[in-house]
Every structure is written in structure tokens, then in C-alpha cells.
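Read the structure below first, then the notes.
Protein chains: 2
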Amino acid sequence: MKHQEAAENLREYLKNGNHRVTPERFIVLDAALDFKEHFSADELYASMKSSKLKVSRATVYNTLDLLADCSLLTVRNFGDKMKRYESSFSKQSHDHLICINCGKIVEFTSEQVGEIYKNVCSKLGFEPVNYSFNIFAKCKNKEKCPHLNEK
Amino acid sequence: MKHQEAAENLREYLKNGNHRVTPERFIVLDAALDFKEHFSADELYASMKSSKLKVSRATVYNTLDLLADCSLLTVRNFGDKMKRYESSFSKQSHDHLICINCGKIVEFTSEQVGEIYKNVCSKLGFEPVNYSFNIFAKCKNKEKCPHLNEK
DNA sequence: ATTGCTGCAAAACGTTTGCACCTAT
DNA sequence: ATAGGTGCAAACGTTTTGCAGCAAT
Chain U
1 MKHQEAAENL
11 REYLKNGNHR
21 VTPERFIVLD
31 AALDFKEHFS
41 ADELYASMKS
51 SKLKVSRATV
61 YNTLDLLADC
71 SLLTVRNFGD
81 KMKRYESSFS
91 KQSHDHLICI
101 NCGKIVEFTS
111 EQVGEIYKNV
121 CSKLGFEPVN
131 YSFNIFAKCK
141 NKEKCPHLNE
151 K
Chain L
152 MKHQEAAENL
162 REYLKNGNHR
172 VTPERFIVLD
182 AALDFKEHFS
192 ADELYASMKS
202 SKLKVSRATV
212 YNTLDLLADC
222 SLLTVRNFGD
232 KMKRYESSFS
242 KQSHDHLICI
252 NCGKIVEFTS
262 EQVGEIYKNV
272 CSKLGFEPVN
282 YSFNIFAKCK
292 NKEKCPHLNE
302 K
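Residue numbers (the numbering used here), protein chains in the order written: chain U, 1 to 151; chain L, 152 to 302.
See below:
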């Protein structure tokens with residue numbers, strides 16, 4: 001258990017929610033928090049598989065939902081068909097710019113967006129839950145795009 | 152051909168891009184622009200089918216991509232697995248708030264978001280292409296959510 | 001005549017589900 | 001003892017693809 005604090009949070013959440021405290025859930029948590037950057041459920045599953053961590057695909061998917069529910073992971077949607085997850089720890093809140101040449105994801109922060117988010121909710125009479133702000137853009141010199149030839 | 156101006160744009164785009172000017176493409180265009188609000192590819196296909204418009208599913212999917220490429224349609228992604236499209240005409244640019252109780256989509260406008268979008272791109276050295284700003288929220292009184300029992 | 005487009009069905013893809021077994025409570 | 005979770009494979013829903021025939025150029 002590399003991520004003690006997160007594990008404590010998870011344990012708490014499980015107990016309060018009539019969920020069982022199973023070893024698989026902590027294995028997935030550890031693997032997810034180890035994953036640098038954003039990952040999809042299947043990427044995590046594949047990575048765990050190759051690390052000989054024996055948790056089924058269904059459990060990985062289920063557990064990721066759970067970890068998102070208890071805010072240990074944040075869900076991201078970059079316009080393709082896969083959900084992405086990222087650790088909620090160790091990083092201030094941020095948004096994403098996706099390069100449409102190469103798929104590279106650049107993170108940026110803007111406090112203003114968070115304010116707009118709250119203002120819109122209060123103006124429309126909704127309780128804020130979450131928001132997603134993604135920018136799609138391309139390098140100004142297409143040829144220079146550092147990742148253009150990666151995929 | 153109900154949407155003359157759009158059809159002209161499409162014809163232009165097709166000719167410039169080594170695409171053929173086929174009747175199917177204009178049928179899909181018309182149906183798409185007739186569709187109020189946001190729609191998925193399959194919703195449009197189903198609706199066209201029940202209107203006896205005989206265009207295959209593959210052609211609907213291909214044509215929607217094409218129409219998005221030439222900016223007659225705008226692509227939206229609301230965090231579920233389906234892409235949504237909407238007419239780029241007749242509406243000022245806007246963003247979306249999605250009710251997580253009922254799925255209802257509320258549109259709002261904020262000029263500030265557009266500015267942030269451009270600023271971030273120029274600061275990071277990217278050419279702006281597009282952005283998506285989605286707010287996920289819920290009605291303050293869950294019981295009152297007008298669409299809660301719809302699905 | 002060429003080559004891109006269409007329609008159809010089949011495949012692909014990420015994700016969810018059904019079910020029998022297991023295990024935390 | 002009993003929900004709830006797990007693993008596996010099969011199903012799912014959306015989208016893409018392969019291919020033979022067709023039609024715009």
C-alpha cells in the first residue's frame with residue numbers, strides 16, 4: 001500500500017456507503033495513483049496485467065467509478081470515446097488543452113473558469129457538481145508539433 | 152432543399168476538397184439542420200429512417216463528420232459515450248450545463264469563456280481551434296428537478 | 001474511365017452485464 | 001448467514017470498416 005492517506009480515505013468512504021473493503025479495491029487504487037498523467041480504464045487494466053496484478057477488467061472499471069465517486073480520482077473527457085481518470089492528489093485544479101495534431105495534452109490553470117462555473121450555476125439555480133473545460137488547438141507551426149509523428 | 156445557404160456552403164466545401172457532390176450529403180444536411188437541439192448520429196439516422204429518407208447509417212456518420220469539418224455543425228461531448236451535433240446556424244455561441252439528475256441540457260452564454268480560451272492558446276503558443284465548456288450540476292431541490300422522472 | 005461514395009453487414013472499440021463462486025461483514 | 005464483490009465471457013451501444021456495386025467527375 002503505497003498511498004496510505006488515499007487508502008484511508010477510501011476505507012472511510014467504503015464503510016460509510018455499505019461497500020465492502022476488498023483487497024482488489026486497494027490494489028486498483030494504488031495502481032491508479034501510480035499512473036502518471038491521465039489514463040483510461042483499459043490502459044490501467046493493461047498496465048496492471050503486465051505488472052502481474054491480478055484484478056479483472058470488470059473490477060477495474062467498477063473500482064474506478066468508485067474512486068471517482070469518492071473524489072480520489074477525477075474523470076476527464078477529451079472528446080474521444082474513452083473516459084480518462086487522473087489522481088486528484090498532488091496537483092492543483094487545472095484544465096486541458098488538447099493538440100489536434102498529435103493528441104498531446106497540455107495542462108493549464110485559470111481561476112476565472114472556476115468562478116464562471118460557480119456564477120453560472122447560481123444564476124441558473126443549480127448546485128455545482130463539476131465542470132470540464134477543454135481547449136482543442138494546434139501548434140502554430142504544424143511541422144514543429146513535437147508529437148506529430150508519434151501516432 | 153430547405154436550407155439553401157448551408158447547402159451552398161457545403162457544395163463549396165466539397166468542391167474545394169476533392170469530395171463528391173452527392174444527393175445523400177444534402178439530404179443529411181437538411182435533416183441535421185431541421186433537428187432541434189442536440190442530436191447524436193444514431194438519433195438522426197433513426198429520425199431520417201422514420202421519415203422514409205433512405206440514407207444508410209454509414210453515410211449518416213460519414214456525412215456528419217464532413218459537416219462538422221466544414222463548420223456547418225458543431226460537435227459536442229457531454230461526457231457520455233455519444234457525440235452530439237448541433238447546427239452552427241441561428242444561434243450565438245454558447246456552452247452547456249448538464250443536469251446530473253435528469254440529463255436535461257441548459258444552454259448559457261459567457262463571453263468570458265471565449266476570451267479565456269483565446270488567451271490560453273496565445274499564451275501557450277497554440278492556434279485556437281475549438282473549445283468545450285460543460286458544467287455538470289443538479290437542481291437545488293432534487294425532488295423538483297422537472298425532468299427527474301423522465302428517464 | 002476513374003475513383004470516391006453508398007449501402008449493407010460485420011467488426012471494432014470501450015464499457016457493462018449475467019452468472020456462478022467467493023468473501024467481508 | 002447474507003449481501004455485495006469478483007472473475008470470466010458474453011452482450012452492449014456507438015461508431016468504423018470491408019467490400020461489391022454505383023454514380024459524380
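A virtual CB, placed ideally from N, CA and C, is assigned to each residue, including glycine.
Closer than 6 Å: is that where the CB of U:Val60 sits relative to any heavy atom of the ligand NAP? The model depicted lacks the ligand NAP and carries no ligand whatsoever.
Is L:Lys291 buried or exposed, if buried means 16 or more other CB atoms sit within 10 Å of its CB? exposed
Can you confirm whether U:Gln112, when its beta carbon is compared against all beta carbons of chain L, has any partner nearer than 7 Å? yes
Please classify U:Lys138: does DSSP put it in a helix, a strand, or coil? strand
Out of U:Gly114, U:Lys81, U:His3, U:Thr109, which one is the CA nearest neighbour of U:Ala32? U:His3
Just to confirm the assignment, what range does the alpha helix (DSSP H) spanning U:Arg11 have? If you look at U:Arg11, you'll find it in the alpha helix (DSSP H) that goes 4-16.
Under 8 Å Cβ-Cβ, which residues of chain L neighbour U:Leu97? Val271, Cys272, Leu275, Phe277
Can you find the residues in the same chain that come closer than 7 Å, C-beta to C-beta, to U:Ala7, ignoring five residues on each side of it along the sequence? Met1, Phe26, Leu29
Using a Cβ-Cβ distance cut-off of 7 Å, determine whether L:Tyr282 contacts chain U. yes
Interface residues of chain L around U:Ala137 at Cβ under 7 Å? Cys272, Phe277, Glu278, Pro279, Val280
Quick one, which residues of the region 65-82 of chain U are near chain L if we go by CB-CB under 7 Å, in chain order? Shown in chain order are the members of the region 65-82 of chain U whose Cβ falls below 7 Å from a Cβ of chain L: Asn77, Gly79, Lys81.
Alpha-carbon to alpha-carbon, U:Gly17 and U:Lys151: With a pLDDT of 33 at U:Lys151, under the threshold of 50, the modelled position of that residue is not reliable, and the figure given next carries that caveat. Straight-line Cα distance between these residues: approximately 42 Å.
U:Val129 to L:Gly254, Cα distance in whole Å? So the alpha carbons of these two residues sit roughly 13 Å apart.
As a quick exercise: from U:Glu43, U:Lys138, U:Ser56, pick the residue whose alpha carbon is nearest that of U:Ile98. U:Lys138
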